[in-house]
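Q:
In the working numbering, the protein residues as written are 109 to 377.
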């Protein structure tokens, strides 16, 4: 029997790409902003509120996938129940309008330094809506982002963390601090690197008495190095760093040359 004697019916099969486009997306949860603190990190949510966009220029950052992106961080969203910081990414920076009420779907819940905020994602969509707030606080909230206070000394040092950073730009994850090893391996991407050429980083939570209230600050590498009297020693232990931070008010003087805002009397937070 020849091929011409048989009629074949062409039935398209489901390719892997078809499956990817047809796979169900995770539905976002509709919330009001007073619920934000109860949500989990990376949870997808939808919210309706009025946006206030600050005057700072968007900054370019390298995303986790290694691609470059733009983010605008000085933005606030408000509804009748509360407000939250929202980071707006890429194309949406020029699409979302200042002081306009919008219904935003598929936002991501973020947590940074103990503060819960929102961020747009690649799947975020929005529609302008007719919603008004009687007394929008957005402009005042943005103006009060940087507060100036006098720090006499630090009462507590908490969550002090010393680590190396993976030198693969698309990874940049933390690697445990081990100065006795010649080679260290990133548990995230598997890349190995020389310990002596690895970038050291630090973070810590610092508590100070501000106006009779215990106030916590998060400090990172450059701030911690400056607060410990610009100590050039690269192998300080966590106990030595803590001691330096707790004695910073005794060591600070007008000639310290610090360019941060955490020193006593002549510098501010």
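Every residue, glycine too, gets a C-beta built ideally from N, C-alpha and C.
#1: Taking 8 Å as the threshold, find out whether the stretch 286-295 comes into contact with the stretch 175-185 through three or more Cβ pairs.
#2: Would you tell me roughly how many angstroms separate the C-alpha atoms of residue 314 and residue 284, rounded to the nearest one?
#3: Mark residue 296 as exposed unless 16 or more other C-beta atoms lie within 10 angstroms of its C-beta, in which case mark it buried.
#4: What number of angstroms, rounded off, separates the C-alpha of residue 251 from the C-alpha of residue 243?
#5: Got a sec, what are the start and stop residues for the beta strand (DSSP E) residue 139 sits in?
#6: Cβ atoms of residue 162 and residue 197: under 8 Å apart, would you say?
#7: Alpha helix (DSSP H) containing residue 349: first to last residue?
#8: Give the single residue among 160, 351, 320, 272 whose Cα lies nearest to the Cα of residue 207.
#9: Can you tell me which of the three DSSP states residue 248 falls into?
#10: Compute the Euclidean distance between the alpha carbons of residue 350 and residue 205, then round it to the nearest angstrom.
#11: Taking the alpha carbon of residue 330 as the reference point, which residue from 345, 311, 269, 203 has its own alpha carbon closest?
#12: Who are the Cβ neighbours of residue 262 in its own chain at under 7 Å, not counting the five residues just before and after it?
#13: Smallest Cα separation from residue 165: which of 154, 172, 202?
#14: Going by beta-carbon coordinates alone, are residue 241 and residue 229 separated by less than 8 Å?
A: According to the structure shown:
#1: no
#2: 22 Å
#3: exposed
#4: Approximately 16 Å, taken between the alpha carbons.
#5: Residue 139 -> no beta strand (DSSP E), and no H or E assigned at all.
#6: Contact check for residue 197 against residue 162 fails: the beta carbons are separated by 8 Å or more.
#7: 346-354
#8: 160
#9: When secondary structure is reduced to three states using DSSP, residue 248 falls in the helix class.
#10: 45 Å
#11: 311
#12: 314, 315, 316, 353, 354, 356
#13: 202
#14: no
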